[in-house]
Every structure is written in C-alpha cells, then in structure tokens.
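Q: Add 200 to the 1-based position in the sequence shown for the working numbering, that's all there is to it. Virtual Cβ for every residue (Gly too), placed ideally from N, Cα, C. All figures in this text were calculated on a predicted structure; none of them were measured in a lab. First the structure, which I've put down as structure tokens, then a few questions once you've had a look.
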Amino acid sequence: MSSTMSYWILNSARNSIATLQGGGHLYARCASSRNKLKRMLFSWASTTLKNNAPCSGFALPKAYRHTSTEEDDFHLQLSPEQVNEMLRAGESAHKILDPISGVPNSVLQFESNQLAANSPVEDRRGVASCLQTNGLMFGVFDGHGGHACAQAVSERLFYYMAVSLMSQQTLEQLEGAMESMKPMLPILQWLKHPEDSIYKDVTSVHLDHLRVYWQELLDLHMEMGLNMKEALMYSFQRLDSDISLEIQAPLEDEMTRNLSLQVAFSGATACMAHIDGAHLHVANAGDCRAILGVQEDNGMWSCLPLSHDHNAWNQAELSRLKREHPESEDRTIIMDDRLLGVLMPCRAFGDVQLKWSKELQRSVLERGFDTEALNIYQFTPQHYYTPPYLTAEPEITYHRLRPQDKFLVLASDGLWDVLDNEDVVRLVVEHLSEAGQHKPDLAQRPTNLGLMQSLLLQRKAKGLHVADQNAATRLIRHAIGSNEYGEMDPERLTAMLTLPEDLARMYRDDITVTVVYFNSDSIDAYYKGL
Numbered sequence: 201m202s203s204t205m206s207y208w209i210l211n212s213a214r215n216s217i218a219t220l221q222g223g224g225h226l227y228a229r230c231a232s233s234r235n236k237l238k239r240m241l242f243s244w245a246s247t248t249l250k251n252n253a254p255c256s257g258f259a260l261p262k263a264y265r266h267t268s269t270e271e272d273d274f275h276l277q278l279s280p281e282q283v284n285e286m287l288r289a290g291e292s293a294h295k296i297l298d299p300i301s302g303v304p305n306s307v308l309q310f311e312s313n314q315l316a317a318n319s320p321v322e323d324r325r326g327v328a329s330c331l332q333t334n335g336l337m338f339g340v341f342d343g344h345g346g347h348a349c350a351q352a353v354s355e356r357l358f359y360y361m362a363v364s365l366m367s368q369q370t371l372e373q374l375e376g377a378m379e380s381m382k383p384m385l386p387i388l389q390w391l392k393h394p395e396d397s398i399y400k401d402v403t404s405v406h407l408d409h410l411r412v413y414w415q416e417l418l419d420l421h422m423e424m425g426l427n428m429k430e431a432l433m434y435s436f437q438r439l440d441s442d443i444s445l446e447i448q449a450p451l452e453d454e455m456t457r458n459l460s461l462q463v464a465f466s467g468a469t470a471c472m473a474h475i476d477g478a479h480l481h482v483a484n485a486g487d488c489r490a491i492l493g494v495q496e497d498n499g500m501w502s503c504l505p506l507s508h509d510h511n512a513w514n515q516a517e518l519s520r521l522k523r524e525h526p527e528s529e530d531r532t533i534i535m536d537d538r539l540l541g542v543l544m545p546c547r548a549f550g551d552v553q554l555k556w557s558k559e560l561q562r563s564v565l566e567r568g569f570d571t572e573a574l575n576i577y578q579f580t581p582q583h584y585y586t587p588p589y590l591t592a593e594p595e596i597t598y599h600r601l602r603p604q605d606k607f608l609v610l611a612s613d614g615l616w617d618v619l620d621n622e623d624v625v626r627l628v629v630e631h632l633s634e635a636g637q638h639k640p641d642l643a644q645r646p647t648n649l650g651l652m653q654s655l656l657l658q659r660k661a662k663g664l665h666v667a668d669q670n671a672a673t674r675l676i677r678h679a680i681g682s683n684e685y686g687e688m689d690p691e692r693l694t695a696m697l698t699l700p701e702d703l704a705r706m707y708r709d710d711i712t713v714t715v716v717y718f719n720s721d722s723i724d725a726y727y728k729g730l
C-alpha cells in the first residue's frame with residue numbers, strides 16, 4: 201500500500217472516530233463512515249494489490265493484527281494457511297447427545313465462530329442446556345460502548361430463563377438449599393460458555409439477585425412455572441432491571457461498583473433461541489437475527505425469518521416509539537436513522553443513558569467514579585425529554601419445527617450488514633453439500649446455479665478453494681471476503697483481516713455466528729407420537 205493511501209485512510213478513519221468518541225465510548229454512528237471507507241478500500245484492493253504481491257518465498261511467521269500509526273503501512277501479505285488460522289481461531293462445534301430418556305434430540309449439533317473487529321471483541325455467544333427443565337438455549341449478544349454489558353447478559357440471561365421455567369417444587373428445592381447452605385441443584389450445563397469472564401468475583405451479587413427473582417416466582421404459587429413466552433419476556437426484562445438497579449444500590453466493594461457501572465452504561469442487543477423437542481421459541485431485542493433454512497419435499501431451499509431487526513427501518517418499531525412519547529417528539533425520536541441520533545438498535549440491555557432521567561444519571565455518577573478510567577462516556581442527547589427511550593423487552597416468535605426445517609442461524613448484525621438472509625441459507629447449503637451431509641437441489645435459482653458451479657471450478661483450479669469444516673466460518677469468510685458478484689476475493693479477504701486494530705472497526709463489525717442443525721427423523725417422530 202502506498203504511504204499516501206495509508207495516510208489518507210488512517211486519518212479519514214481517525215477523524216470520523218474523533219467526532220463520535222468520548223472517553224473511548226463509540227456508538228453505532230460510525231456505520232456510515234465504515235461503509236464509505238469500505239467501498240474505497242475494496243476499490244483500491246482490487247487494482248493495487250495485484251501489483252504488490254509478495255515474493256513467493258515470503259511469509260509472516262504468524263498471522264497477526266497490529267495497531268497503526270500514521271507512518272505505518274498495512275501488512276497485506278498472508279499465506280492461505282495464515283488466513284485460515286485467523287478465520288478459524290474462534291471456532292467451536294458440539295454434537296448433542298440424546299438425553300437419558302432415550303428420546304432422540306431434535307438438535308443434532310451446532311457450529312459457531314466469531315471474528316473480532318473491536319479490540320477487545322464486543323460480541324458474545326452462549327449455548328447451554330437446562331438441567332432442571334427440558335430445552336437447549338442458544339444466544340448471540342452484540343455489545344456496544346464496550347463489552348461489559350454483552351458479557352454480563354451472556355452469562356446471566358440463561359439462568360433467569362431456566363429459573364423462570366422451573367416448577368414450584370424445583371424452586372422450593374433451590375430456596376431450601378440456599379437457606380440451609382447446602383449445594384444448589386445444578387441449573388445449566390454450558391456447552392459453549394461465554395469467553396473471558398470478568399465477573400467471577402462478583403457472581404455472589406448476581407446470585408443474590410437471581411435468588412430474589414426466584415423468591416418472587418415462588419410467591420406466585422404457580423405449580424408448573426411460567427409458560428415459554430412469559431419466561432422469555434420476564435427473563436429479558438428482569439435481567440435488564442437488575443442491571444439498572446445494581447448500580448443504583450450502595451455497593452461497598454470498589455471492583456463490584458466499577459463493573460456494575462460499566463455494564464449499565466454500555467449496552468447489548470440479544471437474540472436467543474430455546475429448543476425443546478419440536479418447539480422453537482426465539483426472543484430478540486435489537487438487531488441480531490435468527491433465520492431458518494428450510495428444504496421442501498421437492499428439494500427447493502428457502503429462508504424463514506424468525507426475528508425482526510429493531511431499528512429505524514422497522515416501521516412497527518417507529519410506530520411503537522411514537523406511541524410511547526409525546527407527538528411533539530415525533531421528529532426527534534429517530535434522527536439520522538438512529539434512536540435520538542445516537543444508537544442504531546431501538547431495543548437493548550443496559551444503555552441507562554437512554555433509560556434513566558438526567559437527575560438519576562447525575563446522582564449515580566457523582567458517587568466518585570473515575571468515569572474516564574472506566575471508559576464511561578457521559579452524554580445527554582439533544583432532545584432527551586421523556587425517558588426511557590430504550591427497552592430490553594424482546595419480540596418473541598414461536599415456530600413448531602417440521603422435518604423440512606434443517607438448520608437455524610443466529611448471528612450478530614456484523615453478518616447481516618453484508619449478507620442477506622437468502623445468501624446465508626445458500627452458503628450453509630453449499631457447506632452441507634460439500635460436506636456430503638445433504639445433496640441439495642438448488643433448482644429454484646437455475647441462473648445462479650450455473651454461475652455458482654463455475655465459480656467453484658475456478659476457485660478449485662486456482663487452488664483457492666479451501667473447504668471449511670465449520671459452517672459459521674464459511675459465512676464469516678464470505679461476509680468479509682466476497683466481492684459484489686458473490687465471488688471469494690482472496691485479496692479483499694486478506695486486506696480485511698490485516699487491518700490494524702484501531703482501524704478495523706471502521707470497515708467491518710464484530711461477527712458472531714451460530715448454526716444449529718436439526719434432526720429431521722427426531723422431529724418427524726414427535727409428530728408421529730402425537
């Protein structure tokens with residue numbers, strides 16, 4: 201890369217950040233700048249990189265990212281092995297064993313991966329089975345303004361959900377164990393635990409609040425517990441309420457106080473799925489997304505969306521916001537396609553700056569917090585009159601699984617920003633076909649089928665086609681490395697992977713993907729057993 205081009209990109213990005221950033225707190229307003237700079241880089245990469253290919257004998261000893269300086273040039277030379285190393289670093293996969301009852305599970309396995317743009321990554325993911333109730337839970341959590349809120353939600357939401365589903369008898373056993381200081385019944389078995397926990401030393405505080413929640417459920421005297429929709433609704437809203445209350449309550453321990461403040465003043469969107477036999481429930485708050493890949497009897501594939509993005513392009517969300525605030529605010533609730541001109545998603549955990557009154561914010565922050573050291577950005581939007589403007593109330597979708605429902609994809613908006621629903625289904629189907637798990641008929645898109653086969657042959661002929669063993673990795677690879685024709689462009693992929701840490705966020709977002717595969721025979725058996 202020429203020094204002139206490098207200097208222009210770095211300074212353009214930094215200038216964009218400088219206008220949006222306060223105390224290190226960066227909201228989603230940088231998306232438009234990221235798209236503009238991305239187009240510039242892609243145009244440059246397709247013409248310039250060919251003239252600056254590395255010598256055949258040159259290879260970096262290890263794939264890495266670095267922090268840029270104005271005089272720094274990007275390291276754009278990566279071997280295919282190094283590209284794969286970077287793309288596959290966050291992979292995980294797990295086969296689901298049948299329960300002790302012997303009834304085959306409706307989930308065969310899941311594959312997951314994550315690629316960071318922020319440093320540290322702000323996305324989180326989790327997979328767990330409920331030990332005292334039936335069901336598997338999958339979640340993707342997209343943080344903003346830091347990773348603290350996403351981390352807290354990823355660690356705590358499933359517990360609130362599992363407790364919500366417990367019977368009166370099980371809740372009584374939990375409470376009895378706590379009162380007698382005996383070991384508690386196990387609640388969850390984590391299959392993919394959130395990474396890099398920073399909350400191990402404050403879990404007692406979180407357990408105390410979880411206990412208050414199950415005590416309130418006990419007081420309701422419901423023998424069988426909440427129904428699924430109620431459990432999802434209450435879990436989201438109760439956790440968000442606890443996040444808000446924890447920092448308002450007096451806490452003596454400084455570390456607990458600081459962590460609670462970071463959680464409350466950062467934010468996270470969440471999309472989670474609960475699967476129990478043929479019953480699939482999806483709860484979404486924000487702009488993560490869930491879709492189903494469906495194969496009909498004639499072999500044709502289609503996409504079934506299971507969530508709606510809660511943002512300025514969702515007319516139902518706009519109507520909801522206008523109903524909840526005075527008519528005089530109709531023109532200021534959404535500005536520049538953002539909530540109060542600040543935040544892209546219209547639903548999220550945390551973000552108390554958009555929920556609390558100005559007076560409450562001042563009273564909490566005046567307790568002697570070092571907000572600069574804690575990376576807390578203090579701001580009040582210009583038209584902040586009738587809070588709260590933001591909610592963590594989820595939108596819930598129920599779908600009864602059918603044998604033709606083959607897989608579920610949960611992902612943060614970093615994937616959906618660059619791939620549409622149909623592209624995601626097509627790429628997973630390609631993955632399954634190449635892995636020999638299915639032989640799909642893509643005849644519903646005959647024009648593109650020939651093009652797809654041609655591209656596969658071209659890539660194989662050039663030695664560029666590397667079969668990913670993980671469908672989530674394939675999706676991430678195509679999300680950052682495909683050109684406008686859907687072809688994998690190795691130069692573009694390399695350029696996107698080697699952007700310096702302080703610049704990567706301007707070109708792409710964190711991407712987190714989980715693909716869940718269903719057992720069609722098991723689902724069919726559920727219907728036959730009715």
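What is the rounded straight-line gap between the Cα of residue 522 and the Cα of residue 590?
A: 12 Å
Q: Would you grab the beta carbon distance between residue 693 and residue 708 for me? Rounded to a whole angstrom, and I think it's under 8 Å.
A: At roughly 11 Å, the Cβ-Cβ gap does not stay under 8 Å, so residue 693 and residue 708 are not in contact.
Q: If you reduce the DSSP assignment to three classes, tell me which class residue 235 lands in.
A: Reliability of the predicted coordinates at residue 235 is poor, the pLDDT of 45 falling under 50, and no value is obtained from them.
Q: Whose C-alpha, out of 290, 470, 444 and 452, is nearest the C-alpha of residue 462?
A: 444
Q: In the DSSP assignment, find the unbroken beta strand (DSSP E) run with residue 326 in it and report its ends.
A: 323 to 330
Q: Anyone know if the C-beta pair for residue 672 and residue 312 falls short of 8 Å?
A: yes
Q: Quick one: residues in its chain with C-beta nearer than 8 Å to the C-beta of residue 294, no 5 flanking neighbours on either side, listed in chain order?
A: Same-chain partners within the cutoff: 309, 310, 327, 391 and 392.
Q: Taking just the CA atoms, how far does residue 459 sit from residue 289?
A: Those two C-alpha atoms are separated by around 28 Å.
Q: If you compare alpha carbons, which of 315, 378 and 306 is closest to residue 699?
A: 315
Q: Check the DSSP bridge columns for residue 611 and list the partner residues they point to.
A: 489 and 713
Q: Using a threshold of 8 Å, state whether the C-beta atoms of residue 317 and residue 704 are closer than that.
A: yes
Q: Count the other CB atoms, across all protein chains shown, that sit within 10 Å of the CB of residue 297; report buried if there are 16 or more and exposed otherwise.
A: exposed
Q: Under 8 Å, with one C-beta from each stretch per pair, do the region 377 to 389 and the region 344 to 353 reach the 3-pair mark?
A: no
Q: Between the region 584 to 600 and the region 464 to 480, can you find at least three pairs of beta-carbon atoms closer than 8 Å?
A: yes
Q: For residue 283, name the three-state secondary structure that DSSP assigns.
A: In the three-state reduction of the DSSP assignment, residue 283 falls in the helix class.
Q: Residues in the same chain with beta-carbon distance under 7 Å from residue 292, minus the five sequence neighbours each way, listed in chain order, please.
A: 312 and 392
Q: Does DSSP classify residue 307 as helix, strand or coil?
A: In the displayed model, residue 307 falls within a strand according to three-state DSSP.
Q: Do you know how far the Cα of residue 480 is from the Cα of residue 598?
A: 6 Å
Q: One question on the structure: do residue 674 and residue 627 come within less than 8 Å of each other, judged by their Cβ atoms?
A: yes
Q: Going by DSSP, what residues sit across from residue 313 in a beta bridge?
A: 713
Q: If you pair each beta-carbon of the region 427 to 442 with each one of the region 353 to 362, do three or more pairs fall below 8 Å?
A: yes
Q: For residue 728, which residues of its own chain have a beta-carbon under 8 Å away from its beta-carbon, when the five flanking residues on both sides are left out?
A: none
Q: Indicate the three-state DSSP secondary structure (helix, strand or coil) for residue 470 in the structure shown.
A: strand
Q: Could you tell me if residue 283 is buried or exposed, where buried requires 16 or more neighbouring beta carbons within 10 angstroms of its beta carbon?
A: buried
Q: Could you spell out where the alpha helix (DSSP H) holding residue 439 opens and where it closes?
A: Where residue 439 is concerned, the enclosing alpha helix (DSSP H) stretches over 428 to 448.
Q: Runs of 3 residues minimum, wholly inside the region 326 to 391: which ones carry the beta strand (DSSP E) assignment?
A: 336 to 344
Q: Could you give the distance in angstroms between the alpha-carbon of residue 346 and the alpha-carbon of residue 562?
A: 21 Å
Q: Using the beta-carbon count (16 or more within 10 Å), is residue 713 buried or exposed?
A: buried
Q: In terms of residues, what are the limits of the alpha helix (DSSP H) holding residue 460?
A: 454 to 465
Q: Using 8 Å as the cut-off, can you tell me whether the region 500 to 511 makes contact with the region 558 to 574, which would need three or more C-beta pairs spanning the two stretches below that distance?
A: no
Q: Could you tell me if residue 683 is buried or exposed, where buried requires 16 or more neighbouring beta carbons within 10 angstroms of its beta carbon?
A: exposed
Q: Closest to residue 602 by CA distance: which of 383, 406, 722 and 579 is it?
A: 722
Q: Quick check: the Cα distance between residue 330 and residue 526, rounded to an integer number of angstroms?
A: 43 Å
Q: From the DSSP output, in three-state form, read off residue 505 for me.
A: The answer is strand: DSSP assigns residue 505 an E or B state.
Q: Going by DSSP, name the residue or residues bridged to residue 591.
A: 547
Q: Skipping 5 residues on each side, what residues in its chain have a beta carbon closer than 8 Å to that of residue 378?
A: Correct list, in chain order: 384 and 411.
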